[in-house]
Amino acid sequence: MTSRWPDLLQEKKTEKEKTLPPLPDAVEGRVVTRFAPNPDFAIHLGNARPALLSYWYARQYKGKFILRFEDTDPRTKAPFPEAYLQIKEDLKWLGVKWDEEYIQSLRMEVFYNIARRLLEAGGAYVDTCSEEEFRRLRNEGRACPHRDSSVEDNLERFDKMLEGHFKEGEAVVRVKTDLSHPDPSVRDWVALRIIDSSKTPHPITGDKYIVWPTYNFAAGIDDYLMGVTHILRAKEHISNTVKQGFLYNHLKWKYPVTIHFGRLGLEGVILSKSKMRKMSSTATVNPFNDLRFGTIASLRRRGIRAETIHKVVMEVGVKPVDAKISLVNLFAINRSIVDPIARRYMAVEDPVYATLEFSVEKLEAHVPRRLGTKEFGVYELKGGDIIAVSRVDLNAHREKEFRLLGLGNFRVKGVVEKEGRPLIVLELTSLSSEEARSRELPIIQWVKIGEHLPGRMLVVNGDRIESRSILIERSVIEEKTDNIIQLYRIGFARVEDVSEEEAVLVYSHD
RNA sequence: GCCGCCGUAGUAUAGCCCGGUCAAGUAUGCGGGCCUUUCGAGCCCGUGACCCGGGUUCAAAUCCCGGCGGCGGCACCA
-9 MTSRWPDLLQ EKKTEKEKTL PPLPDAVEGR VVTRFAPNPD FAIHLGNARP
41 ALLSYWYARQ YKGKFILRFE DTDPRTKAPF PEAYLQIKED LKWLGVKWDE
91 EYIQSLRMEV FYNIARRLLE AGGAYVDTCS EEEFRRLRNE GRACPHRDSS
141 VEDNLERFDK MLEGHFKEGE AVVRVKTDLS HPDPSVRDWV ALRIIDSSKT
191 PHPITGDKYI VWPTYNFAAG IDDYLMGVTH ILRAKEHISN TVKQGFLYNH
241 LKWKYPVTIH FGRLGLEGVI LSKSKMRKMS STATVNPFND LRFGTIASLR
291 RRGIRAETIH KVVMEVGVKP VDAKISLVNL FAINRSIVDP IARRYMAVED
341 PVYATLEFSV EKLEAHVPRR LGTKEFGVYE LKGGDIIAVS RVDLNAHREK
391 EFRLLGLGNF RVKGVVEKEG RPLIVLELTS LSSEEARSRE LPIIQWVKIG
441 EHLPGRMLVV NGDRIESRSI LIERSVIEEK TDNIIQLYRI GFARVEDVSE
491 EEAVLVYSHD
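The first sequence begins at -9 in my numbering and counts up by one.
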């Protein structure tokens, strides 16, 4: 008994790090999970939850993880050809690796075969009632006349569906469930329907198929055929689990262990796929990473790191409650990750030009590049050199002394004209940073002309994206695309593109 | 029509399943202080909350009942 006490004490101390709870009925080496996105758009933060949790569990139990594209609606959720690739890229970026990959639109014969088996088993029927008629009967808990058709009739009419004898809406295959089920949407749900793919061709199979499985039919079948043992998905699928249960009973299959967790929302960005689709219809380059979107591609472009998304998803875990994270909190997590690694640069907006006046021959500036290191940007300044500062800073401190970061303390002495333009004259008062601190002088950043690079910084402002022009230290040229940097007194930004002529940045957060 | 979830500080949330360790944790905000080379970054300290009513219990944020309030999902989308 006494020997157990030290263990207990130690556990208390180390329990800070969140871990995933054990997966029910999981056997090491036998776990199979899947992520099954619809390629009608890129995935967003909400999708990262099932993707990461499914992948993490598969890995934790040394099992298998499957990526499956569920693209069986060319009509109302027409897949985006580019989305298949984008989703794979997003998953890779998130650190998710899949062992197998499937595309449901290439498995249509599989679905048709199971449909025949189901019809043969008497577990389904071809229904040619109108939608309204069926709905009326169903709401009263009554059977539609086709429910009692013979197996032969059903098979024959299913073949007619495949052969194109019916138009959209004229025939569906329904799974027999329970006409008195309290949830009307469960009653004899639709397994296959007709979509006229000559009107709305599928990006992969074109107009080859006109009978398409619904989500519940296709996903239910594939989960079984692919040997999925554990389904991790959001609560919105609870009623789908009930529906698929009837399918599994007809076919004498055992349903996988299912875990339903809450939805993960992000405030301050657009998460609605239909809205994003509409907005991106005019996109010229990449339709998926508009900075206002909550897609993984957009967050990434905005400088959010995969590790940040991992933390958020781990934090919300597999709990059934919905979670809504604010952009501010996402930024806070991201900042803690990015702050130690981001190099610092000075950049100014709306530049005002100034020349420095001092009595020594030259000045040397040391601009700290990286926290806690001896890495500096070093500048030598001689009389007559020109620097730029932000207009707002100059206006705010015109009357007072201020410190130019890494250089010295100055005050505005006057204005001279040079080549027809006004040039502010700044007079050195002291080099001492101690003095600046003790007198609480404001510190502002500056850029030496001649060692600068013009730049643009994209900033999300409400529902608009602004492009602000800046001058930035030329040494930013050493940064690579996707690096996160910090601009003094402005905030963190991601390097989108940098060349000899221009730096393009995307603003992340303070 | 049906199914389900949630109401914790200004905001977003943890804790609730397995009641006591919760005079309630974290982030952000706000107030104050600190920072060897200088930041709207960081660090430290402080501030501030369990929807209402009843019940069970020695003990309830946690269980039960009722009320009020907010939200989500399904139906030939996935």
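All C-beta atoms in this analysis are idealised placements derived from N, C-alpha and C, irrespective of residue type, glycine included.
Counting only the Cα atoms, residue 338 lies some 14 Å from residue 497. Distance from the CA of residue 440 to the CA of residue 278, rounded to the nearest whole angstrom, comes to 38 Å. If one requires a minimum length of 4 residues, the alpha helix (DSSP H) runs lying completely within the segment 165 to 242 are 205 to 215, 228 to 241, in chain order. Within its own chain, the residues whose Cβ lies closer than 8 Å to the Cβ of residue 245, once the five positions on either side in sequence are excluded, are 231, 234, 235, 238, listed in chain order.
Separation of residue 43 and residue 10 (C-alpha to C-alpha, rounded to the nearest whole angstrom) is 9 Å. In this structure, the CA atom of residue 467 is about 47 Å from the CA atom of residue 310.
Closest in alpha carbon position to residue 117, among 104, 97, 103, 141, is 141. In summary, residue 149 is exposed, with fewer than 16 beta-carbon neighbours lying within 10 Å of its beta-carbon over all protein chains present.
Rounded to whole angstroms, the gap between the alpha carbons of residue 15 and residue 69 is 35 Å.
Around the CB of residue 28, 16 or more other CB atoms lie within 10 Å, so the residue is classed as buried.
The C-beta distance from residue 289 to residue 35 rounds to 7 Å, short enough to meet the 8 Å contact threshold. A straight line joining the alpha-carbon of residue 80 with that of residue 348 spans about 54 Å. In the three-state DSSP reduction, residue 244 falls in the coil class, being neither helix nor strand.
With respect to residue 312, residue 252 sits close: the two C-beta atoms are nearer than 9 Å.
Burial of residue 219 is indicated by the presence of at least 16 other C-beta atoms within 10 angstroms of its C-beta. The segment 118 to 137 makes no contact with the segment 86 to 94: fewer than 3 CB pairs, one atom from each, lie closer than 8 Å. Judged by DSSP in its simplified three-state form, residue 68 adopts coil rather than helix or strand.
For residue 366, the three-state secondary structure derived from DSSP is strand. With a threshold of 16 other beta carbon atoms within 10 Å, residue 206 meets it and is buried. Residue burial is scored here from C-beta neighbours: residue 432 has fewer than 16 other C-beta atoms within 10 angstroms and is therefore classed as exposed. Out of 480, 227, 210, the CA that lies nearest to the CA of residue 240 is found in 210. The shortest CA-to-CA distance from residue 135 to any of 178, 464, 151, 423 is the one to 178. Of the candidates 164, 183, 139, 164 places its Cα closest to the Cα of residue 176. Beta-carbon to beta-carbon, residue 478 and residue 395 are separated by about 6 Å, close enough to satisfy the 8 Å threshold. Exposure of residue 272 is indicated by the presence of fewer than 16 other C-beta atoms within 10 angstroms of its C-beta. Under DSSP, residue 451 shares a beta bridge with 454.
The continuous beta strand (DSSP E) containing residue 482 extends over residues 481 to 488. By the Cβ neighbour-count rule, residue 364 is exposed, with fewer than 16 other Cβ atoms within 10 Å of its own. Per DSSP, reduced to three states, the secondary structure at residue 323 is helical. If you check the CB distance, residue 377 and residue 303 do not come in under 9 Å.
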